[in-house]
Amino acid sequence: MLKLEARPQPSRLMSGLSPLLALAFTVLIGVGLFVVLGKDPLRGLQVFFVEPVKNLYALSELSIKATPLILIALGLAVCFRSNVWNIGAEGQFVIGALAGGWVAMQAGPHLAWMGRGIVVAILLAGVLGGMAWAAIVALLRDRFNANEILVSLMLVYVAGMVLNYLVYGPWKDPQGYNFPQTITFLPATRIPRLVDGLRAHIGTVIALVAVAAFWIFLFRTYRGFALQVGGLAPLAARYAGFSSRSALWTALLLSGGMAGLAGALEAAGPLGQLTPYVPVGYGFAAIIVAYVGRLHPVGIVLAGILMSMFYIGGELAQSRMALPKSITGVFQGLLLFTLLACDTLVHYRLRWQRKVQAAAAATRGA
Amino acid sequence: MLALAGLGLLVNERAGIVNLGAEGMMLVAAVAGFATAVATGNDWLAFGAGALAGAAMAAAFGVLVIWLNTNQYASGLALSLFGAGFSAFVGIGLVQAKIGERTAYTVPGLADLPFVGPAFFRQHPMVYIAIVLTLALAWFLYRSRAGLVLRAVGESPESAHALGYPVRRIRMAAVMTGGALCGVAGAYLSVIYTPLWVEGMTAGRGWIALALTTFATWRPARVLLGAYLFGGVTMLQFHLQSQGVEIPSQFLTMLPYLATIVVLVLISRNASWIRANMPASLGKPFFPGG
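Chain order of the listed sequences is A and B. Every letter in the first sequence is one number past the one before it in our numbering, and letter 176, counting from 1, is 176. Every letter in the second sequence is one number past the one before it in our numbering, and letter 268, counting from 1, is 1268.
This is the structure in structure tokens:
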């Protein structure tokens, strides 16, 4: 029978292979699912893995989805590495979108002097909004020891309600035929696009710069190091004099800011206005991205692209294969689940042991 | 309903396992229960289906966490995310389905009492079952040998292991019981409480149930009390609305979530109180001989 045996050291090879293994399992289960549903599995694989990358237009759409995922996941990676469980990125994303959207709505002749500079103000507002929302979590954790998982999650629902209130109430477009939406933002406030005619915007560049910045922060700075020690070995960190309080605040503010930035980019970018449909689950999907990317900036880019393929594949599966769009969620959940299972192999190795031998070993032991 | 899920998670956590997948388990169970109710028209079968679905999800979680020693938080999150996607996927055909309003069970004689009558004696049988279950669980945890073993496993798995108790099997049983109870709660939500199915219908109730175990400082009776408190806050929003109070409905909908945060802060402020009651090995993996 198969037996788990502890490895003397975590295997670096398996740590890299495990996401691939998990992807393979997810694809296998996916193929099984297609067969059970009476759909052509090859067509399914094509929709999920070929169509999203087949031409420039598809790649541009892919980058739109991948950008917020990567931005949020970078922040979360810092959080999870320092053992702070912020799972409310979705809420921080919404508040970031609200703050950025608010600035965008102020645009008009009196702000014309800012020119395109207003985009910077929008993004800054987004970052601050996300940080503020995450700061609530940090404050309650720091002052009152309240569990950050539950508080950050509850704040997701509260943020959603704030958004609903604003777009149904004070911020509703007077000319919007009573639809719950704000005015369409002025062209000057729109996030600049990379190429004319494609929706891909400079957010993608920002995300790539952020990847480099986070890599440096995590692996080349003292603060980044201190954070991670706090996550791995709290006692050692305390002995070394690293403050766990400052780690908590840094992690939450960083991840909140990143989620807020993603929210502002989304609001002033592809959306161009605020509606109740701003939150689409990027904040939660980014948790999976962070894990599948091994909490490493470069891994996160790859995982972010993979997850966006699931998103686009899900949309295509809906329009072309008459499958519900929520199949995306099934695959994303499966991926994280199988990944965690495969991660066992990082710390343990599988040994094939014959029953007889095992029994013999047992008697010898006794 | 919250009480059921809360009690289920309490069993979990008493055995030292945090299952953040409550939301996912409740959603999948809600779909399973609702589908069964639509197909058979029998509520008890629906509860059974919900319990099975919850337990099956919990079993997957348990294998990962208990036998493969994965991170409990991450695995629970995975379960929640998967459950949300899976239930939406499976439930798409049920969105339009309807089942009739369920009639409440009235305790003969007592239901006609003014004021107290409707509140306490005209409820769905599940409500009474939840109350009985609370008492049973309290007895089990504090008065029975098996309950003592369960608590020991949560406090110090090493000691329990040394005494020869099968720690991992006990934890697995606790996790599956918790899943089954969350499942019944999910089925109650879709079959009795609403009764309909919509994507993501639990709207954070699984998480609130998790918070409940903390409020209750891991005591069954306090879970029930907390659940009633939350039911009250939820009802308050409907009453305020029907009274025509001039508050935007969105702020009222926020109430249960804000209340959760407030209570969590109040309880957690007193760290020693939490520490005195929290199972000492909560969230820690256990690998015999490893």
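Where is the CB? At the ideal position from N, CA and C, for every residue including glycine. Being a predicted model, the structure only gives us computed values, none of them experimental.
- With 16 or more neighbouring CB atoms inside 10 Å of its own CB, A/Glu148 falls in the buried class.
- Interface residue (Cβ-Cβ distance to chain A less than 7 Å): B/Val1265 is classified as such.
- The DSSP-derived three-state label of A/Tyr348 is strand.
- For A/Thr204, the enclosing alpha helix (DSSP H) covers residues 203-220.
- The beta carbon of A/Ala341 falls within 7 Å of a beta carbon belonging to chain B, placing the residue at that interface.
- A/Lys65 is classed as buried because its beta carbon has at least 16 other beta carbons within 10 Å across all chains shown.
- Nearest in C-alpha terms to B/Ala1130, of all of B/Leu1020, B/Leu1225, B/Thr1253, is B/Leu1225.
- Residues of chain A whose Cβ lies closer than 9 Å to the Cβ of B/Ile1261 are, in chain order, Ile136, Leu140, Ala146, Leu150, Val151, Met154, Leu155, Val158.
- B/Leu1068 places its beta carbon less than 7 Å from that of A/Thr344.
- Per the DSSP secondary-structure output, A/Ala6 pairs in a beta bridge with A/Tyr348.
- Interface annotation, A/Trp85: in contact with chain B, CB-CB separation under 7 Å.
- At a beta-carbon threshold of 9 Å, none of the residues of chain A lie near B/Phe1230; the nearest stands roughly 12 Å away.
- Chain-order list of chain A residues neighbouring B/Asn1069: Leu4, Thr344, His347, Tyr348, by C-beta distance under 9 Å.
- Of the residues A/Leu274, A/Leu295, A/His347, A/Ala6, the one whose Cα lies closest to the Cα of A/Phe179 is A/Leu274.
- Annotation: B/Ala1146 to B/Pro1195 spans about 37 Å, alpha carbon to alpha carbon.
- By the neighbour-count criterion, in which 16 or more other beta carbons inside 10 Å mark a residue as buried, A/Pro109 falls on the exposed side.
- A Cβ-Cβ separation of about 7 Å places B/Leu1264 in contact with A/Val151 under the 8 Å criterion.
- Residues are counted here when their Cβ sits less than 8 Å from a Cβ of chain B; for the region 175-189 of chain A the count is zero.
- Per the DSSP secondary-structure output, A/Arg193 pairs in a beta bridge with A/His201.
- With respect to the 7 Å criterion, A/Thr189 and A/Ala104 are classified as neighbours on the basis of their beta carbons.
- B/Met1026 is not a Cβ neighbour of A/Met161, given a cutoff of 7 Å.
- Listed by position along chain B, the residues whose Cβ is nearer than 8 Å to that of A/Tyr291 are Ala1074.
- Of A/Ala213, A/Trp215, A/Leu194, A/Val167, the smallest CA-CA separation from A/Thr182 is found for A/Val167.
- The Cβ of A/Ile327 sits closer than 7 Å to at least one Cβ of chain B.
- With a contact defined as Cβ atoms closer than 8 Å, A/Ile70 and A/Ala207 qualify at about 5 Å.
- A residue is called buried once 16 or more other Cβ atoms fall within 10 Å of its Cβ, and A/Trp113, having fewer, is exposed.
- Contact annotation for A/Gly333 against chain B: Gly1024, Ala1078, Leu1079, Ser1080, Leu1081, Phe1082, Gly1083, Ala1084, Gly1085, Phe1086 [CB-CB distance below 9 Å, chain order].
- Against chain A, the CB of B/Met1235 has no partner CB under 7 Å away; the residue lies outside that interface.
- The CB of A/Tyr239 never comes closer than 7 Å to any CB in chain B; the least such distance is about 21 Å.
- Here A/Gly203 is actually not in contact with A/Val156; their C-beta atoms are around 22 Å apart, not less than 8 Å.
- If the five residues before and after A/Leu17 are omitted, its C-beta is found closer than 6 Å to no C-beta atom of its own chain.
- Between B/Ile1267 and B/Thr1214 a beta carbon distance of about 7 Å is seen, short of the 8 Å cut, so the two are scored as contacting.
- For the set A/Ala73, A/Ser60, A/Tyr348, the Cα lying nearest the Cα of A/Ala303 is the one of A/Ala73.
- Sequence-ordered contacts of the region 1157-1168 of chain B with chain A are nonexistent [C-beta pairs closer than 9 Å].
- Spanning the alpha carbons of B/Ala1138 and B/Arg1219 requires a straight line of approximately 8 Å.
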